[in-house]
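Just so we're aligned, residue 1 is where the sequence shown starts under UniProt numbering, counting upward by one.
Comments concern the structure below.
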Amino acid sequence: MNRLKYAMLFCVLVSLNTACKKNNGDLNDKASRLNVQDSSIDFQPKLAVINNGYQPRQVLTIAGKTGEYGYQDGKGTQALFENPWGIEMTQEGDLLVPDPLNNKIRKVTTDGVVTSLDFQNAADGSTLKAPYFVKQGRNGTLAIKALENAAKFWIVQPNGQAAVTTVTRNGFYGSLAKDPYNDFFYTFGLNIGGNNALTGFIEKLLPTGQLVEPYLIPASALPGEPQYSQGTVSSMYIGYNKVKYLVINGNHIYKLTPSGELTRLFTNFNFEPISDIIANKDSRTLYVAAGGSIYSISNNKLMRLVGPNAPDDGHDGIGGGANVRAFNLALSKGENIIYFTDVRHTVRELILK
1 MNRLKYAMLF
11 CVLVSLNTAC
21 KKNNGDLNDK
31 ASRLNVQDSS
41 IDFQPKLAVI
51 NNGYQPRQVL
61 TIAGKTGEYG
71 YQDGKGTQAL
81 FENPWGIEMT
91 QEGDLLVPDP
101 LNNKIRKVTT
111 DGVVTSLDFQ
121 NAADGSTLKA
131 PYFVKQGRNG
141 TLAIKALENA
151 AKFWIVQPNG
161 QAAVTTVTRN
171 GFYGSLAKDP
181 YNDFFYTFGL
191 NIGGNNALTG
201 FIEKLLPTGQ
211 LVEPYLIPAS
221 ALPGEPQYSQ
231 GTVSSMYIGY
241 NKVKYLVING
251 NHIYKLTPSG
261 ELTRLFTNFN
271 FEPISDIIAN
281 KDSRTLYVAA
291 GGSIYSISNN
301 KLMRLVGPNA
311 PDDGHDGIGG
321 GANVRAFNLA
331 LSKGENIIYF
341 TDVRHTVREL
351 ILK
């Protein structure tokens, strides 16, 4: 398998196909395609009206216009994105949404006002191009994963000073995760070693921009995973319980404890390609974006909250009455709303409670 084939493989595993095509109309999340071997899945939970007039599982588009792409700041449908990708909830309560084909990171308020952030040139004179993911540290520092010929990591301090690191690892990098207790971040992906040996890896990204402490996932810890993509880490979330939740090979979820124990979770679930995973603060509920749908997992019970439903026009609605193609997720501070990027060039919210 040559390097091009490796790149194509990793592109699939981290759902990079949505960047390669403006209209990713072939995402199909029919419930029957989710392979579940028990009865713990609930596709139609009961609804209850809540005081603010919204209902659980209600989807609202807050910024962008379905099916239209471009570059324009504004409010609601007046704003345009070329390709909204990652999403991060800031300490200030706003959303940061990388828009890689516009070479911008957009700030989106929760009521849908979109502006564009301007960054200083880095110390080496570089300008930010093709940002895909962004995370904010506890002290306000931003870590940005960009992809310009090679993967680059930007560290932007609260005072605006920026430093950039170009990676040298032979392999492919996914997105970013942040440590909830420290001011550093993690990145991850697929390492190509000697004799083209494939190994998933996790690496710490310091506030200085240095990549340190690489952890290569041993194949012996992943029995049954396909050899051609052995251990590829395609998404990761770090909980307040200090557990790292890893998506391996695109459709299996593992936990990596602080003691180094790696265990596959939810062995009775086999997801469509997972593009993101997050959790609430006590880590008792995981939320997963897979195949365009958003699922919750709590007490080993899988629930499809929203996803693609006909007509395929990006309409808002409640549960099965909404048409969703979710990509990346961010949980509100009150844990009652999931904000997400939709591959149809919009930023949307899902009411949880």
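All residues carry an ideal CB built from backbone N, CA and C; glycine is no exception.
Unbroken beta strand (DSSP E) run spanning residue i, endpoints
i, result
"ASN191", "185–192"
"ALA279", "274–279"
"THR165", "162–166"
"GLN78", "Per DSSP, GLN78 belongs to no beta strand (DSSP E) and is neither H nor E."
"ALA150", "150–156"
"PHE340", "337–342"
"PHE172", "171–178"
"LYS242", "Neither: LYS242 is in no beta strand (DSSP E) and is coded neither H nor E."
"PHE271", "Element bounds for PHE271: n/a, residue is neither H nor E."
"GLN136", "131–136"
"PRO214", "211–216"
"ALA330", "326–331"
"GLY200", "198–205"
"SER293", "293–298"
"GLU349", "346–351"
"TYR287", "285–290"
"THR61", "58–63"
"residue 354", "Summary: the structure shown does not reach residue 354, with the chain confined to residues 1 through 353, and so no result is reported for it."
"HIS252", "252–256"
"LEU128", "Note, LEU128: premise wrong, no beta strand (DSSP E); not H, not E."
Reference residue i; option with closest CA among the options
i, options, result
"ALA122", "GLY112, GLN136, ASN83, THR166", "THR166"
"LEU262", "ILE248, ASN270, PRO273, ASN268", "ILE248"
"VAL288", "ASN336, GLY174, SER275", "SER275"
"ASP179", "LEU142, GLY160, PHE327", "LEU142"
"ASN268", "PHE201, ILE297, ASN83, ASN196", "ILE297"
"ASP80", "ASP111, LYS281, ASN102", "Note on identity: in this sequence residue 80 is Leu, with Asp being the wrong assignment. Considering only alpha carbons, the answer is ASN102."
"GLU148", "VAL164, ARG344, ASN139, GLN136", "VAL164"
"GLY86", "SER283, GLY334, VAL108, PHE327", "PHE327"
"TYR240", "LYS281, ILE318, ALA330", "LYS281"
"PRO311", "LEU302, ARG304, ARG325, LYS301", "ARG325"
"LEU206", "ALA221, GLN78, LYS135", "LYS135"
"TYR71", "ASP111, THR115, GLN55", "THR115"
"GLY314", "SER332, PRO100, ASP183, SER293", "SER293"
"LYS204", "LYS244, LEU265, ASN170, GLY193", "LYS244"
"GLY160", "LEU117, GLU68, ASN182", "LEU117"
"SER283", "GLN55, THR257, GLN157, LYS152", "THR257"
"HIS252", "GLU225, SER259, LYS242", "GLU225"
"GLY140", "SER220, LEU265, GLU92, THR232", "GLU92"
"MET89", "ASN195, THR341, LYS333", "LYS333"
"PHE172", "ILE144, LEU190, THR109", "LEU190"
"PHE153", "GLU68, PHE340, LEU128, PRO218", "LEU128"
"ALA162", "ARG264, THR66, GLU82, SER126", "SER126"
"SER259", "PRO273, LEU246, LYS242, GLY250", "LYS242"
"TYR181", "THR285, GLU349, GLY137, ARG304", "GLY137"
"ALA219", "VAL233, SER234, THR199", "THR199"
"residue 359", "ASN195, ARG264, SER234", "Only positions 1 to 353 of the chain appear in the structure, and residue 359 is not among them; the question remains open."
"ARG304", "LEU350, GLU335, TYR254, LEU331", "LEU350"
Residue j beta carbon less than 8 Å from that of residue i
i, j, result
"ALA322", "VAL59", "yes"
"ILE105", "LEU95", "no"
"TYR132", "ALA150", "no"
"LEU216", "PHE201", "yes"
"GLY209", "PHE188", "no"
"GLY74", "HIS345", "no"
"VAL306", "PRO84", "no"
"ILE238", "ALA177", "yes"
"residue 413", "VAL156", "As shown, the chain starts at 1 and ends at 353. That puts residue 413 outside it, with no answer to give."
"PHE266", "ASN300", "yes"
"ALA130", "PRO158", "no"
"PRO273", "GLY250", "yes"
Whole-number beta carbon distance between residue j and residue i, since they are thought to touch under 8 Å
i, j, result
"ASN309", "GLY320", "5 Å"
"residue 414", "MET236", "Residue 414 falls outside the range modelled here, since the chain spans only 1 to 353, and no answer is possible."
"LEU329", "ILE278", "5 Å"
"ILE318", "ARG57", "6 Å"
"ASP316", "THR77", "About 12 Å separates the two Cβ atoms, so there is no contact after all."
"ILE144", "ASN170", "In fact, because the Cβ distance is near 22 Å, the residues do not count as touching under 8 Å."
Practice item. Scan the stretch 85–124 and note each continuous alpha helix (DSSP H) run of 4 residues or more that stays entirely inside, going in chain order. Key: none
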